[in-house]
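J.: Quick one: the structure is below, questions incoming.
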Amino acid sequence: MVVFYDEIPESLVEWIKKQRMYWVATAPMNVHGHVNLSPKGGENTFHVVDSRKVYYEDLTGSGVETISHLRENGRITILFNAFDGPPRIVRLWGIGTVYEYGTPEYSTLIPQATRQPGSRAAIVIDVFKVSSSCGFAVPLYNFVAHRTRLHRFSDGRERVDRAHALPADSEDVDAQQINVPPNSLREYWLKNNMSSLDGLPGLLTAPDA
Numbered sequence: 001m002v003v004f005y006d007e008i009p010e011s012l013v014e015w016i017k018k019q020r021m022y023w024v025a026t027a028p029m030n031v032h033g034h035v036n037l038s039p040k041g042g043e044n045t046f047h048v049v050d051s052r053k054v055y056y057e058d059l060t061g062s063g064v065e066t067i068s069h070l071r072e073n074g075r076i077t078i079l080f081n082a083f084d085g086p087p088r089i090v091r092l093w094g095i096g097t098v099y100e101y102g103t104p105e106y107s108t109l110i111p112q113a114t115r116q117p118g119s120r121a122a123i124v125i126d127v128f129k130v131s132s133s134c135g136f137a138v139p140l141y142n143f144v145a146h147r148t149r150l151h152r153f154s155d156g157r158e159r160v161d162r163a164h165a166l167p168a169d170s171e172d173v174d175a176q177q178i179n180v181p182p183n184s185l186r187e188y189w190l191k192n193n194m195s196s197l198d199g200l201p202g203l204l205t206a207p208d209a
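Residue numbers (UniProt numbering): 1 to 209.
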């Protein structure tokens, strides 16, 4: 039986923190636009600030739908499923804000010391509704391990960026903007993360950070 809350109850916080996977759903305002649902994983990417605010570290992907949709309308739903132990489904409805890599807000939430390779944004969500339901139909699964391929891919491309970076005290902004080496993460962002499937703006500042 479903139970609704206006904020995240303390009884769910620890359970949420233990989940190794979650889903993020967003949609554009255009009724003909693409509704998006993205699976998320990785250790220490999801954080509960308090009963009404959460955020997650958004890693590089082949698309940028979530960021684009949030820029347009802010609507977002997070879904958690229990794959072991007692059955449970938890949804968080909220309004999301995007803080790209290189912004002060991003650096506050995700310090360089804990930033994961390929991290492109912090997605902060102001939660206004929460639900907890049974999940009796969700199968049981055994967790094996987090995949490391994305980290290796992103780390390799970030190494290329660092090898071609201008000196920290350089004021040649134009040179920095055109200094996009092949096989770098900046190149990947510029090719794949600048707009959504429906043409909405994606990354705005991270490629120049």
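Backbone N, C-alpha and C fix where the C-beta goes; we use that ideal spot for every residue, glycine too.
#1: Among the candidates 112, 24, 3 and 136, whose CA atom is the shortest distance from the CA of residue 84?
#2: On the three-state DSSP scale, how would you describe residue 69?
#3: According to DSSP, simplified to helix, strand and coil, what is residue 22?
#4: Looking only at its own chain, which residues have a Cβ that is under 8 angstroms from the Cβ of residue 143, when we skip the five neighbours before and after it?
#5: Among 87, 128, 109 and 29, which has the Cα closest to the Cα of residue 55?
#6: Hey, quick one: how far does the beta strand (DSSP E) through residue 47 stretch, first residue to last?
#7: Which residue marks the beginning of the alpha helix (DSSP H) containing residue 108, and which one marks its end?
#8: Would you kindly report the start and end of the unbroken beta strand (DSSP E) that includes residue 200?
#9: Between the alpha carbons of residue 183 and residue 165, how many angstroms are there, rounded?
#10: Going by the DSSP bridge assignment, what does residue 40 pair with across the sheet?
#11: Might you give, ordered along the chain, the residues of its own chain that have their beta carbon closer than 6 angstroms to the beta carbon of residue 141, omitting 5 neighbours on each side?
#12: Can you tell me whether DSSP reads residue 63 as helix, strand or coil?
#13: Tell me the DSSP secondary structure of residue 8 in three-state form.
#14: Opposite residue 133 in the DSSP bridges: which residues?
#15: Could you tell me which residues DSSP puts in a beta bridge with residue 94?
#16: Taking the alpha carbon of residue 88 as the reference point, which residue from 158, 130, 96 and 100 has its own alpha carbon closest?
#17: Mark residue 128 as exposed unless 16 or more other C-beta atoms lie within 10 angstroms of its C-beta, in which case mark it buried.
#18: Please identify the residue among 43, 35 and 162 whose C-alpha is closest to the C-alpha of residue 114.
#19: What whole-angstrom Cβ distance do residue 124 and residue 97 have, given they're in contact under 8 angstroms?
#20: Taking all protein chains shown into account, do 16 or more other C-beta atoms lie within 10 angstroms of the C-beta of residue 45, making it buried, or fewer, making it exposed?
#21: Between 153, 78 and 92, which lies nearest to residue 37 when the distance is taken from Cα to Cα?
T.: Inspection of the coordinates gives the following:
#1: 136
#2: helix
#3: strand
#4: 20, 83 and 84
#5: 109
#6: 46-50
#7: 104-109
#8: That residue, residue 200, is in no beta strand (DSSP E); it is neither H nor E in DSSP.
#9: 14 angstroms
#10: 22
#11: 83
#12: coil
#13: coil
#14: 89
#15: 76 and 127
#16: 130
#17: exposed
#18: 43
#19: 5 angstroms
#20: buried
#21: 78
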